[in-house]
Amino acid sequence: MFYQNGRLLQEPGYNSQTTIWVNVFFNAHDYRCDDLTIMRTVVTCIRTKVASITAHAMHHDIPFCISIQVPGGHNDGESILAAAEVSAEDIRAQVARGSIRINRALLFQGR
Numbered sequence: 001m002f003y004q005n006g007r008l009l010q011e012p013g014y015n016s017q018t019t020i021w022v023n024v025f026f027n028a029h030d031y032r033c034d035d036l037t038i039m040r041t042v043v044t045c046i047r048t049k050v051a052s053i054t055a056h057a058m059h060h061d062i063p064f065c066i067s068i069q070v071p072g073g074h075n076d077g078e079s080i081l082a083a084a085e086v087s088a089e090d091i092r093a094q095v096a097r098g099s100i101r102i103n104r105a106l107l108f109q110g111r
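Residue numbers in the sequence shown follow our numbering, run continuously in steps of one, and reach 111 at the last position.
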């Protein structure tokens, strides 16, 4: 989903029974937004609960989606979203520094 220093970052290994994903969906017109704006949108959507929580990363199956990995151990949706917000904010900060960029071909596939 992301590039760092020109190299595609591999998704970290995860245990499918304990890993949860928080998914944020976009529209085709968001293609015009830069990576930082997209990540600000991800953080805002998670913060305002305009995101889905699933056991599978939806960005593999659905275009216009960014999935944030959340390790297990959470008892409720609030704690899942809080952990996802921290992760998304970290990614947003890395995008702002220029060390990470979004894999736009994957995010906007079929556009």
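Positions of the beta carbon are idealized from the N, C-alpha and C atoms, including for glycine.
Using a Cβ-Cβ cut-off of 6 Å (strictly less than) and excluding sequence neighbours within five positions of residue i, which residues of its own chain qualify?
i, result
"Leu36", "Val95, Ala96"
"Ser52", "Asn23"
Assign residue i to one of two classes, buried (16 or more other C-beta atoms within 10 Å of its C-beta) or exposed (fewer than that).
i, result
"Ile46", "buried"
"Ile62", "exposed"
"Ser67", "buried"
"Ala57", "buried"
Quick one: residues in its chain with C-beta nearer than 7 Å to the C-beta of residue i, no 5 flanking neighbours on either side, listed in chain order?
i, result
"Thr54", "Trp21, Asn23"
Are residue i and residue j touching if we call contact CB-CB under 9 Å?
i, j, result
"Phe64", "Thr41", "no"
"Val43", "Glu89", "yes"
"Ile80", "Met39", "no"
"Asp30", "Phe108", "yes"
What residues in its chain sit with their C-beta under 8 Å from that of residue i, if we drop five residues either side in the sequence?
i, result
"Thr19", "Ala55, Gln69, Val70, Pro71, Gly72"
"His74", "Ile20, Ile80, Ala83"
Using DSSP's beta-bridge definition, name the partner residues of residue i.
i, result
"Val43", "Answer is none; Val43 lacks a bridge partner."
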